[in-house]
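Reading through the structure tokens given below for one structure.
Protein chains: 2
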Amino acid sequence: MTLTMSTALLTDHYELTMLQAALRSGAAHRRAVFEVFARHLPGGRRYGVVAGTGRVLDELERFRFSEEELTYLRERHVVDDDTLAFLADYRFSGNVYGYREGDLYFPASPIMIVEGTFAEAVLLETLTLSILNHDCAIASAASRMTNAAGKRPLIEMGSRRTHEGAAVAAARAAYIAGFASTSNLMAGYAYGVPTAGTAAHAFTLLHDSEKEAFEAQIASLGRKTTLLVDTYDVAEAVRTAVELAGPELGAVRIDSGDLAAAAQEVREQLDALGAFDTRILVTSDLDEYAIAALAAAPVDGYGVGTSLVTGSGVPTAALVYKLVARETATGRLEAVAKRSVGKPSRGGRKQAYRLLDDAGNVETELITTGGLAPEGGIPLLHELVRDGQVVGREPLTAARERHAAAVASLPQEALHLGRGYAAIPTEFA
Amino acid sequence: MTLTMSTALLTDHYELTMLQAALRSGAAHRRAVFEVFARHLPGGRRYGVVAGTGRVLDELERFRFSEEELTYLRERHVVDDDTLAFLADYRFSGNVYGYREGDLYFPASPIMIVEGTFAEAVLLETLTLSILNHDCAIASAASRMTNAAGKRPLIEMGSRRTHEGAAVAAARAAYIAGFASTSNLMAGYAYGVPTAGTAAHAFTLLHDSEKEAFEAQIASLGRKTTLLVDTYDVAEAVRTAVELAGPELGAVRIDSGDLAAAAQEVREQLDALGAFDTRILVTSDLDEYAIAALAAAPVDGYGVGTSLVTGSGVPTAALVYKLVARETATGRLEAVAKRSVGKPSRGGRKQAYRLLDDAGNVETELITTGGLAPEGGIPLLHELVRDGQVVGREPLTAARERHAAAVASLPQEALHLGRGYAAIPTEFA
Chain A
55 MTLTMSTALL
65 TDHYELTMLQ
75 AALRSGAAHR
85 RAVFEVFARH
95 LPGGRRYGVV
105 AGTGRVLDEL
115 ERFRFSEEEL
125 TYLRERHVVD
135 DDTLAFLADY
145 RFSGNVYGYR
155 EGDLYFPASP
165 IMIVEGTFAE
175 AVLLETLTLS
185 ILNHDCAIAS
195 AASRMTNAAG
205 KRPLIEMGSR
215 RTHEGAAVAA
225 ARAAYIAGFA
235 STSNLMAGYA
245 YGVPTAGTAA
255 HAFTLLHDSE
265 KEAFEAQIAS
275 LGRKTTLLVD
285 TYDVAEAVRT
295 AVELAGPELG
305 AVRIDSGDLA
315 AAAQEVREQL
325 DALGAFDTRI
335 LVTSDLDEYA
345 IAALAAAPVD
355 GYGVGTSLVT
365 GSGVPTAALV
375 YKLVARETAT
385 GRLEAVAKRS
395 VGKPSRGGRK
405 QAYRLLDDAG
415 NVETELITTG
425 GLAPEGGIPL
435 LHELVRDGQV
445 VGREPLTAAR
455 ERHAAAVASL
465 PQEALHLGRG
475 YAAIPTEFA
Chain B
55 MTLTMSTALL
65 TDHYELTMLQ
75 AALRSGAAHR
85 RAVFEVFARH
95 LPGGRRYGVV
105 AGTGRVLDEL
115 ERFRFSEEEL
125 TYLRERHVVD
135 DDTLAFLADY
145 RFSGNVYGYR
155 EGDLYFPASP
165 IMIVEGTFAE
175 AVLLETLTLS
185 ILNHDCAIAS
195 AASRMTNAAG
205 KRPLIEMGSR
215 RTHEGAAVAA
225 ARAAYIAGFA
235 STSNLMAGYA
245 YGVPTAGTAA
255 HAFTLLHDSE
265 KEAFEAQIAS
275 LGRKTTLLVD
285 TYDVAEAVRT
295 AVELAGPELG
305 AVRIDSGDLA
315 AAAQEVREQL
325 DALGAFDTRI
335 LVTSDLDEYA
345 IAALAAAPVD
355 GYGVGTSLVT
365 GSGVPTAALV
375 YKLVARETAT
385 GRLEAVAKRS
395 VGKPSRGGRK
405 QAYRLLDDAG
415 NVETELITTG
425 GLAPEGGIPL
435 LHELVRDGQV
445 VGREPLTAAR
455 ERHAAAVASL
465 PQEALHLGRG
475 YAAIPTEFA
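First to last, the protein sequences are chains A and B.
Quick note: to get our numbering, add 54 to the position in the first sequence (first position is 1).
Quick note: to get our numbering, add 54 to the position in the second sequence (first position is 1).
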């Protein structure tokens, strides 16, 4: 079940036809610098969270045109024979720099920079954007949810509400942004994300009574299990649950109704039954606003599905992959930018730094196109690929810790859930 | 590059722990009927479009727990040894019925029914919902766009704005719902969807002048190519384009600005230059509303990205997978339904029919739990899997034709883009 499939066809048709035309004109071999950035933070968000970088590195290594891919391209006349010959030998041999996973980004932050020939760098546009646009969108939404939840743990359980492959990536991105666990087993297998689960209404309905269902679950999974108590009548279910499991019952899950009121009633009932340590887990279309609204309710954990995997209203991060510099006919590297209406971009190979105030809080995202590093500025771009070799891998837990530290460094108002401007200004030097 | 990876871990943790508990209680071997349906059509939509069924069948055949998956589950203590033994031998041996791809659905339409033992049917919940929730959401949005575009062709080009695997499925779903082509090469490879592409601003910026870029593209791809004309100045680019390619130039693409005004100006310019047959393709954050607003503009085709792959505001279809009947201790099949607040569901094994009025327009979605088929009612559920064997495969073009016919059978008001109620009522008998 190792993921060995080639990723080369996860690519837009025009990348290959542009390659063909550039091979013909000779410009394909010019050095080029592409940059991934967002013109704006969507949805009135205060910050974005970088996620997917590690997946880009994994999939870059599998970006190969084998005979199967080449046969398809030949038979469909997608590109000519010279281009097919180029693709057969294709190996990315350039450099990639990027923000680290879990770090934050703001408008115009150059979260990834790809340097190589035009030919080798243009081919990576579609796949790189697919991964980063999805994973950053999910991590950015997840970060708002973990902020809203405070110290209470969040379980990611949205697999069923998104594409089956996206589900795995979403679980990974949510973990980076502070979720405690996921329901998705493939995310556990592929990325080591802790997995968790409770039970569904179907399990209760399958048995001849709720009591029989609870007995079966406790007998098999132990008293520390989480029992789902809203299939029929919540109060009756809670009574049955504690009767069967005793006060050692791990948790109950409530998945419908007015969650704040239900949690309050269930807490009182559990306490009255002596089940002081039995936790209350709530689910049912939660998003960061609903989580925040439950802050005062006696809830011990949240399960979040749909809103997490759909980016809570922002399912894609609006990142673009733009040529910012290219070699001229005379061999010089020149900054370039198009002049389309309403779609600003800035040419040139960037450096990026985060500047802190005296108290250690982040103050400015500084983007430069050369010159000295600003004093005390934290460099944000790290080497990920050198001469085609991946050098920037790191454990997922490093990204998770980085995210927690980065959020803690933000001004307090950056954590407000309402629509607003970027938490810190982006400045150009 | 054949897709041979096991799909078994694209599954929620709790499906396996419920299985474990049900194996222990013995209830796992009871016959069970699960149903996939939507309680409501999200976003004020008038109808939904079924898509993903074919992918469910493909992935069902790869739903196997091999030694790699079992080792992971054992090492992480996800389930016990008895359950691992069950999983090692797992083959779905039941029956699946479903609406055909490309067909429409309405609230409560039972678009898929899975019959088997509880053990074998519950395991398919997560994967089935992941596929159908994603693909139906995309197809439902795509259908609104093809309605808005009328006879003008649509190119799906949203791969970069969604997860790389979701991109392939989105291209497939869009094709079912009437899109002419996709930019996604994997969708061409895996599903035979026609692929297409133009060129990016990077290609123009790479060359020393726009003229050199256009020359290179025409030399390599021929006069029928599509030139991107908004990198610098549109009028100048169009003049250069026709100067180089002559009136045989295939098309120009405009990707920014006021598309209606720009298309009008470019059409006039092309006509003045004698390029009467050169088509105008527009792109730039189009959705069904923007497409409809361009109906009077001289546009020959639309490229749609972000809004297509994100379901145009509705990225998931809100489909659920619910136990509707199960075998009792005495061996009888009994209808079941939970009683959760605000989450209605109806028990029982369903049949579904579409009823037409005398003019042949659809009038009612009729759902029954037994009894005779209504006279003249079109049965909507078809056999997809019989005793574990896939029997319901069909070519993607069949789904595409079915969708076109199904939309044509709707009352005219069902095609309105504004928010509203389901186009036809769902009735229960």
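Using N, Cα and C, we set each Cβ at its ideal position, and we do this for glycine too.
Hey, could you find the ends of the alpha helix (DSSP H) residue i is sitting in?
i: Ala228 (chain B); result: Glu218 to Ile230
i: Lys205 (chain B); result: Taken as a continuous stretch (DSSP letters only), Lys205 (chain B) belongs to no alpha helix (DSSP H), as it is neither H nor E.
For residue i, return the contacting residues in chain A, with the cut-off set at a CB-CB distance below 8 Å.
i: Lys376 (chain B); result: His255 and Ala256
i: Gln323 (chain B); result: Under the 8 Å cutoff, chain A gives no residues; its nearest Cβ is about 17 Å from Gln323 (chain B).
i: Arg130 (chain B); result: Gly242 and Thr249
Which whole-angstrom value is the C-beta distance of residue i and residue j, which I expect to be below 8 Å?
i: Leu259 (chain A); j: Arg380 (chain B); result: 7 Å
i: Ala62 (chain B); j: Phe146 (chain B); result: Actually they do not touch by this definition, with Cβ atoms about 11 Å apart.
i: Val306 (chain A); j: Ala195 (chain A); result: That belief does not hold up - the Cβ atoms of Val306 (chain A) and Ala195 (chain A) are roughly 27 Å apart, past 8 Å.
i: Thr480 (chain B); j: Phe160 (chain B); result: 5 Å
i: Ala291 (chain B); j: Glu269 (chain B); result: Actually they do not touch by this definition, with Cβ atoms about 13 Å apart.
i: Val168 (chain B); j: Glu69 (chain B); result: Actually they are not in contact, since the Cβ atoms of Val168 (chain B) and Glu69 (chain B) sit about 13 Å apart, beyond 8 Å.
i: Leu373 (chain B); j: Val103 (chain B); result: Not quite, the Cβ-Cβ distance comes to about 12 Å (not below 8 Å), so this is no contact.
For residue i, go through chain B and note every residue whose CB falls closer than 7 Å to its CB, in chain order.
i: Pro369 (chain A); result: Thr364 and Pro369
i: Arg78 (chain A); result: Ala270, Ala273 and Ser274
Just to make sure I have the definition right: I need the residues of chain B whose C-beta is within less than 9 Å of the C-beta of residue i. Which are they?
i: Phe146 (chain A); result: The premise fails here: Phe146 (chain A) is roughly 16 Å from chain B at the closest Cβ pair, so nothing lies under 9 Å.
i: Ile185 (chain A); result: His217 and Glu218
i: Leu486 (chain A); result: Coverage of chain A is limited to positions 55 through 483, which leaves residue 486 (chain A) absent and any answer about it impossible.
Per DSSP, what kind of secondary structure is residue i in: helix, strand or coil?
i: Lys404 (chain B); result: coil
i: Asp135 (chain B); result: helix
i: Lys376 (chain B); result: strand
i: Gly355 (chain B); result: strand
i: Asn187 (chain B); result: helix
i: Phe140 (chain A); result: helix
i: Gly152 (chain A); result: strand
i: Thr65 (chain B); result: coil
i: Thr280 (chain A); result: strand
i: Pro433 (chain B); result: strand
i: Gly461 (chain A); result: Before going on, a small fix: residue 461 (chain A) reads as Val here, not Gly. Val461 (chain A): helix per DSSP, three-state reduction.
i: Ile334 (chain A); result: strand
i: Val363 (chain A); result: helix
i: Thr418 (chain A); result: strand
i: Thr71 (chain B); result: helix
i: Ser235 (chain B); result: strand
i: Glu113 (chain B); result: helix
i: Gly102 (chain B); result: strand
What is the residue span of the beta strand (DSSP E) that residue i lies within?
i: Thr171 (chain A); result: Met166 to Thr171
i: Phe91 (chain A); result: Arg85 to Ala92
i: Arg293 (chain A); result: That residue, Arg293 (chain A), is in no beta strand (DSSP E); its alpha helix (DSSP H) goes Val288 to Ala299.
i: Ala250 (chain A); result: Run containing Ala250 (chain A): none; DSSP gives neither H nor E here.
i: Asp482 (chain B); result: First, the residue type needs correcting, since residue 482 (chain B) is Phe and not Asp in the sequence shown. Its beta strand (DSSP E) spans residues Thr480 to Phe482.
i: Arg307 (chain A); result: Ala305 to Ile308
Nearest-angstrom Cα distance between residue i and residue j?
i: Tyr101 (chain B); j: Asp411 (chain B); result: 18 Å
i: Ala349 (chain B); j: Ala202 (chain B); result: 8 Å
i: Glu297 (chain B); j: Gly328 (chain B); result: 11 Å
i: Leu313 (chain B); j: Thr107 (chain A); result: 35 Å
i: Leu138 (chain B); j: Leu124 (chain B); result: 7 Å
i: Val222 (chain A); j: Glu429 (chain B); result: 46 Å
i: Leu127 (chain B); j: Ala389 (chain B); result: 33 Å
i: Leu57 (chain A); j: Arg116 (chain B); result: The pLDDT assigned to Leu57 (chain A) is 46, lower than 50, so where the model puts this residue is not dependable, and the model offers no usable value.
i: Ala81 (chain B); j: His255 (chain A); result: 14 Å
i: Met166 (chain B); j: Ala476 (chain A); result: 45 Å
i: Ala227 (chain A); j: Ala142 (chain A); result: 33 Å
i: Glu322 (chain B); j: Ile209 (chain B); result: 24 Å
i: Leu469 (chain A); j: Pro96 (chain A); result: 16 Å
i: Asp341 (chain A); j: Thr65 (chain B); result: 22 Å
i: Leu335 (chain B); j: Ser79 (chain A); result: 25 Å
i: Glu179 (chain A); j: Ser399 (chain B); result: 45 Å
i: His261 (chain B); j: Gly311 (chain B); result: 23 Å
What does residue i reach in chain C if we use C-beta pairs closer than 7 Å?
i: Leu259 (chain A); result: Absent here is chain C; the protein component of the structure consists of chains A and B.
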